[in-house]
Structure formats: structure tokens, C-alpha cells
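The number in the numbering used here is simply the position in the sequence shown, starting from 1, with 1037 added.
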Amino acid sequence: MGLTHLKIAARASVALLLLQGSTVLAQAAAGRNDDGTPRRATSSLTATAPRLPEASSRVAALAPGSLTTLFTAGNSFAGNTFDLVPAVDLTITSFDVNLGAGTNTTMAIYWRTGTASGFESNPAGWTLIGTAVVTPAGVGLPTPVPIGGLTLAAGNTYGIYVDVQSYPSAVLQYTNGGPTTFSNADLSLTTHHGKGNPAFTGTSFFPRQWNGTVYYDTVDPEADLSLTKTADSPVVAPMGTVTWTLTVTNNGPNSASNTVVTDTLPVGFDWTADTCAAGPPAGNTLTWNVGTLANGASASCQVIGQVWASSGQAVVNTATASSDATDPTAATAAATVLVDGSLAAIPTTSPAGLAALAVLLAGAALLALRRAPMA
């Protein structure tokens, strides 16, 4: 869509019908910009459809994964600095900037760990994210800048420097005032300086508000869970007791929130107790809610029960572990016990068991006497 210019006499009244999404920019002479060019005070009116209230009036109603400051311009030169503080891990994918009309121009974007404030004139510690040749869309309109690939960790502060490397082929538009913080649920942005040309060594102007949008993808935290399961004995008598021990470990690199171990109890095994605060099972499924496991942390519990499978059968118990974090490899573990009828024991703690034991011992003694040679 093209740009239409209207000349309106002072104090004249004009009625305009705007299509949704169209913008009217009004300009009037108003001093000089930071780069010495004549400043034209700019105001804009954009036709929008009614929308529900937003969490912050400073955040544009854009698709998830973006944060917009403003596009009101009012001043201009070659660069801007600002800070980003992510609330979640995220990766910057691209930017929009406010560029005055001009020829194709080269944009450069730098980053540093820590605030940009105080380092706008010091190139040490800054790293170039990338450069891109862009076509200016004009004052008040977003010019896409396809520079990204920078991953930011939640809770840390990162300085950003946006520079028109081929100034004055195009001029970066920004707004006086600040520092101002713009934020959404994922990210906050605090404006700092306007900058001259060339980058870093050009004149600094403070405070200035960067005009633009940051686009990003949130990064799912990764936590590699491992799970082990052991039995207290590899062989058990029919109707004997077995104790399974479960150990879940977070191998990192992030915390694993809402960690859950699901133990599928096998046929031939009856649950009687556990130390996981998990039982009784629902059907044949025992669910152990571990909670949050920090990087490197482990948790263990035991599941106790009776094996009623027939002699010669193998009883295999399998469990899995999961959490809210992305796991690069599924955490699954299994343990097996073999039922051996020859291990059937006579209970010796009851009167009947003691009597049976006495009969067996007496019979064995009598047999030994009969086999003994005569003197």
C-alpha cells in the first residue's frame, strides 16, 4: 500500500475515513534531530478494531512471541541501546525498527551480557549478532530486520545495540524521554540511549526510547531424567515378599518441575505398601509425585508387595519418569524377579510351624540312627 500526502491548512477541519490498520501521520516543523536534520514533530492515528484489554497498554496486540515499544518517532540518528530481561528462556528471532524513508541500508545488531547503560561508547564486551540489508518502510512503519539466533537465559540482563551501519542511507527513528520499560509475560525491555555514527564512537544522547519490536521463540527448559529400579532379591519363593527400589535422578542442565514416576505393577504381584506416599495404586498403576528435582538431585522410594505367580515365572516391574521440562531421552527402568518353588519355606514363627519343624528334625534323627552301623 502506498503513502498518500495531504496538505492541510492551519486550523482547518478535515474528516477522514480510515480502513482498519491504516495509519495517518501528521508532521510539523519542530527544531532539529540528534543528527542535526530538521525535526518534524510526528503524531499518528491508526485505525484498529476493538479488542479486549491487554496486560499492558504498551504491549501491541501482536502474535505471541513479540514485544513492541512504540513507533511515534520524533527524533533520529544512527543507533539505539536498550536492555532485555527475559522471564523465561527464549531465543531472539528478528527485530522491527523504525526507519525513515531511504535507500537499502545495512543494519547491525550487537549484544552484551549485562546492561547496555554505561557501555554505549565502549565496544569492549559487545558481540555482533549479525548484519542485514533492509529496505526502509518509512517513518512510523515497521522495517523488518532478519537478525536473530541469540538465546537469552531467564532472569539475566542483556544489552542490545541497534545500529544503522550505512547511515545516512537511512535514518533510525526514535523518541525522546525515558528510560522506559516495556514488558509482557515473557520479556521486559528498558530503553537507554540514542547513538550517532559510527557505532560506539558516535555521540550519545540520553534518554532516548527505541522504536521497534523484538520477535522471539520461547525455549522449553531441558532436564534429562534417568530412572533405576532394583529388586531386593533376583529370586523369590511363591507368595514371598519382594521390595522394589526406584531412584529417579535429574542429570540437568535445568530443574525438573512436577517430576512424576509412574510404576506399572505387573501381573503376579500384589502391592502391600510403599515409601513413596503414592499408594494404594489405581488399578495396576502406582503414581509417585516427586515434585521438583534440581540439577543433579535424586529421589528414591520403595514399593513392597507379595509375589503370587507360579514357580518358574518371571515377574517384570517397569516404571517411567517424566517432568514439565523437555527430556531428550525417555526415562524408563525395569527389574525382574524369578519365582522359584524350591525356595518355599516353612514358617517357623507360629506354633504350627514349630511343630512341623520338630517332626522334620525327629524324622531326620531317626533316619540317621537306622543308617548308623551296628557296634
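Heads up, the beta-carbon is just placed ideally off N, CA and C, and yes, glycines get one too.
- Judged by their CB atoms, Trp1325 and Ala1315 are nearer to each other than the 8 Å cut-off.
- Secondary-structure assignment with DSSP links Met1144 through a beta bridge to Ala1169 and Val1201.
- Rounded to whole angstroms, the gap between the alpha carbons of Tyr1204 and Gly1162 is 23 Å.
- Unbroken beta strand (DSSP E) runs of no fewer than 3 residues, entirely contained in the segment 1237-1291, are found at 1245-1247, 1249-1255, 1260-1268 and 1278-1290, following chain order.
- For Phe1132, the enclosing beta strand (DSSP E) stretches over residues Leu1127 to Asn1135.
- Arg1069 counts as exposed, since fewer than 16 other C-beta atoms from the protein chains shown sit within 10 angstroms of its C-beta.
- Judged by pairs of C-beta atoms under 8 Å, the segment 1249-1256 does not touch the segment 1231-1240, as fewer than three such pairs exist.
- Membership of Ala1368 in the beta strand (DSSP E) is indicated by the continuous run Ala1368 to Val1376.
- The residue among Pro1179, Ile1197, Val1171 and Met1144 with its C-alpha nearest the C-alpha of Glu1157 is Ile1197.
- With respect to the 8 Å criterion, Asp1257 and Asn1288 are not classified as neighbours on the basis of their beta carbons.
- The Cβ-Cβ distance between Ala1356 and Ala1346 does not fall below 8 Å.
- Here Thr1188 is exposed. Its C-beta has fewer than 16 other C-beta atoms within 10 Å.
- The three-state reading of DSSP puts Ser1206 in coil, since its state is none of H, G, I, E or B.
- Ser1379 sits in a helix when the DSSP states are folded into three classes.
- Remark: C-beta atoms of Ala1145 and Pro1173 do not approach each other more closely than 8 Å.
- By the C-beta density criterion, Ala1110 is buried, having at least 16 other C-beta atoms within 10 angstroms.
- Beta-bridge partners assigned by DSSP to Ile1341: Thr1280 and Ala1310.
- Within the same chain, Val1279 and Val1374 come within 8 Å of Ser1270 by CB-CB distance, once the 5 residues on both sides are set aside.
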